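Novice: Below is a structure I'd like to ask you about.
Numbering (the working numbering), first residue to last: 20 to 367.
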């Protein structure tokens, strides 16, 4: 295991500035995700850590070692790619042993490492199987085993689950997290999938156009996004422009959210403020302290939840309704009575 330190990292591709002075520290044993849309720079950063190309400017440390100019094979890293990069003409044993043979480990040690690695990914006894006979999930686990067999300092993963179907992706996600916790290896995980980043990560960084927009724990960033951009990208969020006014409670200011007066302590009067609230923060009337109503404009059923679009005066809000409430959902044009907690509002 080893920590990773990124200092003032820049990367240019001609006139395109892909990474713009990144500073980042990933702690030893941490599962750290790089999350962002296409073109945000997350894969470029992973490639620089791997040593596939040199940075235009800046330094990269793995542990106490400056690896900025080291070739990939000298960095002692494991990698898992989106397409698995397995050798179809080789057996499972030969695939997992490939890196160990390249590093010239003794034959007896190679056999033991392969057996150990396959056991860690729940594929004991698969050594003689042909790779092409395995399911997609099993092939992915062979790729994991091959990456960890040489016992690298850091494990790098570039969207390794994106080729799996939804059910298998969730199953493999759980297995991956269990594996990382079991071996305690520092892991850097690139994804554009928000649910993957939230469920797997100890911490994550959100990148936009070569800049780290936010960094923190999944729960912290989700509940208290530092900007509207992060709030909208990490899940979904409604935004409202509000102005504070005197409240009925002495010394407290209030704002109007969807026609409801909400108390906000420690805010001067007549101050403009931008507020956000997530769709799942809404519930049927009476469940929370603030209650209101509006006209349902649209409703969509997604299995685990109903997605509602509700109009209140000139404003609309996206709301979620769980079937667990046991309430028949409204129909478009009907009145929907809702509630929310003041603590679910985020101030920007």
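Glycine residues also receive a C-beta, built at the ideal position from the N, C-alpha and C atoms.
No experiment lies behind these values; they were computed from the predicted model shown.
1) In three-state DSSP terms, what is residue 215?
2) Have a look at 190, 144, 348 and 232 and flag the residue whose alpha-carbon is nearest the alpha-carbon of residue 317.
3) With H, G and I counted as helix, E and B as strand and the rest as coil, what does DSSP make of residue 328?
4) Taking just the CA atoms, how far does residue 103 sit from residue 29?
5) Could you check whether the region 113 to 125 touches the region 56 to 67, counting it as contact only if at least three pairs of C-beta atoms, one from each stretch, sit closer than 8 Å?
6) Could you tell me whether the Cβ atoms of residue 295 and residue 258 are closer together than 8 Å?
7) What runs of the beta strand (DSSP E), each 3 residues or longer, lie entirely inside the region 274 to 324?
8) Along the chain, where does the beta strand (DSSP E) that runs through residue 346 open and close?
9) Taking the straight line between their C-alpha atoms, what separation do you get for residue 182 and residue 195?
10) If contacts are defined as beta-carbon pairs under 8 Å, then residue 280 and residue 272 qualify, I think. What distance do you get, rounded to the angstrom?
11) What would DSSP say about residue 109, mapped onto helix, strand or coil?
12) Can you pull the DSSP bridge partners for residue 184?
13) Got a sec: does the ligand FAD put a non-hydrogen atom nearer than 7 Å to the Cβ of residue 63?
14) Near residue 3, what residues of its chain come up, given a Cβ to Cβ distance below 6 Å and the 5 sequence neighbours on each side ignored?
15) I need the straight-line Cα distance from residue 453 to residue 35, nearest angstrom please.
16) Within the chosen definition, does the region 220 to 237 reach the region 168 to 176 through at least 3 CB pairs nearer than 8 Å?
17) Hey, out of 355, 164 and 67, whose CA is closest to residue 10's CA?
18) For the alpha helix (DSSP H) holding residue 44, just list the boundary residues, first then last.
19) Considering just the uninterrupted stretch of the alpha helix (DSSP H) at residue 240, what are its terminal residues?
20) Take residue 224 and list the residues in its own chain whose beta-carbon comes closer than 6 Å to its own, dropping the five residues that flank it on each side.
21) What are the start and end residues of the alpha helix (DSSP H) that includes residue 162?
22) By the 10 Å Cβ neighbour count, where 16 or more other Cβ atoms means buried, how is residue 121 classified, buried or exposed?
23) Once the 5 residues before and after residue 255 are set aside, which same chain residues still bring their CB inside 7 Å of it?
24) Do the region 285 to 293 and the region 320 to 328 touch if we need at least three Cβ pairs shorter than 8 Å?
25) In this structure, how does DSSP classify residue 171 when only helix, strand and coil are distinguished?
26) Using a threshold of 8 Å, state whether the C-beta atoms of residue 165 and residue 208 are closer than that.
27) Residue 257 bridges to which residues according to DSSP?
Specialist: The relevant details are as follows:
1) What you label residue 215 is simply residue 196 of the chain shown in a count that begins at 1. Here residue 215 carries a helix assignment [DSSP, helix/strand/coil].
2) Taking the first residue of the chain shown as position 1, residue 317 is located at position 298. Here the closest residue by C-alpha is 348.
3) Reading the chain shown from its first residue, position 309 is the one you call residue 328. The answer is strand: DSSP assigns residue 328 an E or B state.
4) Here residue 29 is taken as the residue at index 10 of the chain shown, counted from 1. Here residue 103 is taken as the residue at index 84 of the chain shown, counted from 1. Distance between the alpha carbons of residue 29 and residue 103 is about 29 Å.
5) Contact fails: fewer than three Cβ-Cβ distances are below 8 Å.
6) For this step, residue 295 is matched to residue 276 along the chain shown. For this step, residue 258 is matched to residue 239 along the chain shown. Closer than 8 Å, so yes.
7) Whole beta strand (DSSP E) segments, 3+ residues: 279 to 283, 291 to 296 and 309 to 320.
8) For the purposes of this step, residue 346 is identified with residue 327 of the chain shown, where counting begins at 1. Here residue 346 belongs to no beta strand (DSSP E), and DSSP marks it neither H nor E.
9) Taking the chain shown and counting its residues from 1, one reaches residue 182 at position 163. Taking the chain shown and counting its residues from 1, one reaches residue 195 at position 176. CA-to-CA, the gap between residue 182 and residue 195 works out to about 15 Å.
10) What you label residue 280 is simply residue 261 of the chain shown in a count that begins at 1. What you label residue 272 is simply residue 253 of the chain shown in a count that begins at 1. Between residue 272 and residue 280 the Cβ distance is about 10 Å, and since that is not below 8 Å, they are no contact.
11) In the chain shown, the residue the question calls residue 109 occupies position 90. Shown here, residue 109 sits in coil according to DSSP, grouped into three states, outside any helix or strand.
12) By one-based count along the chain shown, residue 184 stands at place 165. BP columns for residue 184 are empty, so no partner.
13) For the ligand FAD, the structure offers nothing, since it holds no ligand at all.
14) The shown model of the chain, from 20 to 367, leaves out residue 3, and the question about it has no answer.
15) There is no way to answer for residue 453, as the model of the chain reaches only from 20 to 367.
16) As far as the Cβ criterion goes, the region 220 to 237 does not touch the region 168 to 176, which means the pair count is below three.
17) The chain is shown from 20 up to 367; residue 10 falls before or after that span and cannot be answered.
18) Working through the chain shown from its first residue, we reach residue 44 at position 25. Segment 35 to 45 is the beta strand (DSSP E) holding residue 44; no alpha helix (DSSP H) there.
19) As a working note, residue 240 is residue 221 in the chain shown. Counting along the chain, residue 240 sits inside the alpha helix (DSSP H) bounded by residues 237 to 242.
20) Along the chain shown, read from residue 1 onward, the residue named residue 224 stands at position 205. These residues qualify, in order along the chain: 53, 231 and 234.
21) Stepping through the chain shown from its first residue, residue 162 is reached at position 143. 155 to 167 is the extent of the alpha helix (DSSP H) around residue 162.
22) Locating residue 121 in the chain shown gives position 102, where the first residue counts as 1. With fewer than 16 neighbouring CB atoms inside 10 Å of its own CB, residue 121 falls in the exposed class.
23) For this step, residue 255 is matched to residue 236 along the chain shown. Same-chain partners within the cutoff: 297, 298 and 337.
24) In this structure the region 285 to 293 does not lie against the region 320 to 328, because fewer than three pairs of beta carbons, one per stretch, are closer than 8 Å.
25) Within the chain shown, residue 171 is the residue found at index 152, counting from 1. Coil at residue 171, not helix or strand.
26) As a working mapping, residue 165 is identified with position 146 in the chain shown. As a working mapping, residue 208 is identified with position 189 in the chain shown. Cβ distance not < 8 Å, so residue 165 and residue 208 don't count as in contact.
27) One-based indexing of the chain shown puts residue 257 at position 238. Residue pairing of residue 257 in beta bridges, as defined by DSSP: 296.
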